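Engineer:
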Amino acid sequence: MPDAERPENQANATAALRSALTGGTYEQARRLLRNLHPAEIAALLETTPSPERELLWSLVPAEDDGEVLLHVNDAVRGALIRNMDAAEIIAATEQLDLDDLADLIELAFVDVVLPAAGVGAGALIRIALVQIAREQAA
Numbered sequence: 044m045p046d047a048e049r050p051e052n053q054a055n056a057t058a059a060l061r062s063a064l065t066g067g068t069y070e071q072a073r074r075l076l077r078n079l080h081p082a083e084i085a086a087l088l089e090t091t092p093s094p095e096r097e098l099l100w101s102l103v104p105a106e107d108d109g110e111v112l113l114h115v116n117d118a119v120r121g122a123l124i125r126n127m128d129a130a131e132i133i134a135a136t137e138q139l140d141l142d143d144l145a146d147l148i149e150l151a152f153v154d155v156v157l158p159a160a161g162v163g164a165g166a167l168i169r170i171a172l173v174q175i176a177r178e179q180a181a
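Using this note's numbering, read the sequence shown as starting at 44 and increasing by one per residue.
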């Protein structure tokens with residue numbers, strides 16, 4: 044197992060990242076984030092309180108945004124997406140493959156944003172999106 048993948052090194056990287064954020068050394072935090080897998084970044088976002096979470100999210104490398112959104116839980120994903128504009132969402136998702144994009148659409152928009160339209164509308168949209176994704180994948 045490479046050194047970077049050893050659990051103790053991941054824990055050290057996480058501790059160093061939290062220290063950089065607390066100390067206000069954001070460039071150091073950016074460098075540390077570049078060395079983490081999107082799932083590890085997602086775990087950090089999930090365990091970071093809301094005000095600091097927005098700061099942490101702003102430091103995540105743009106090329107990792109889509110993958111991180113796939114890995115975070117529904118509540119965190121919803122909070123992150125609500126604070127993104129359309130251009131940021133498009134940029135975050137343009138590198139995703141079709142299956143991941145379909146998953147993200149279902150998870151984020153149907154389960155977080157669209158419930159305000161009512162349960163029936165959300166269910167119908169979910170069915171339509173899954174069908175579209177299947178047709179495009181075929």
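Virtual Cβ for every residue (Gly too), placed ideally from N, Cα, C. Just so you know, these numbers come straight off a predicted model, no measurement behind them.
(1) Under 7 Å Cβ to Cβ from residue 79, same chain only, skipping five residues before and after it: list those, please.
(2) Is residue 81 buried or exposed, if buried means 16 or more other CB atoms sit within 10 Å of its CB?
(3) The ligand MG and residue 63: does any heavy atom of the ligand fall closer than 6 Å to the residue's C-beta?
(4) With C-beta atoms as the reference, is residue 72 less than 7 Å away from residue 102?
(5) Could you check what DSSP says for residue 126 in three-state terms: helix, strand or coil?
(6) Rounded to the nearest angstrom, how far is the Cβ of residue 109 from that of residue 91, given a contact under 8 Å?
(7) Assign residue 181 to one of three DSSP states: helix, strand, or coil.
(8) Under a Cβ-count criterion, where at least 16 other Cβ atoms within 10 Å of its own Cβ denotes burial, should residue 98 be classed as buried or exposed?
(9) Which residue's Cα is closest to the Cα of residue 87: 105, 64, 70 and 68?
Structural biologist: So, from the listed chains and residues:
(1) 56
(2) buried
(3) What this structure holds is no ligand at all, so the ligand MG is not there to describe.
(4) yes
(5) coil
(6) Not a contact, Cβ separation roughly 19 Å.
(7) coil
(8) exposed
(9) 64
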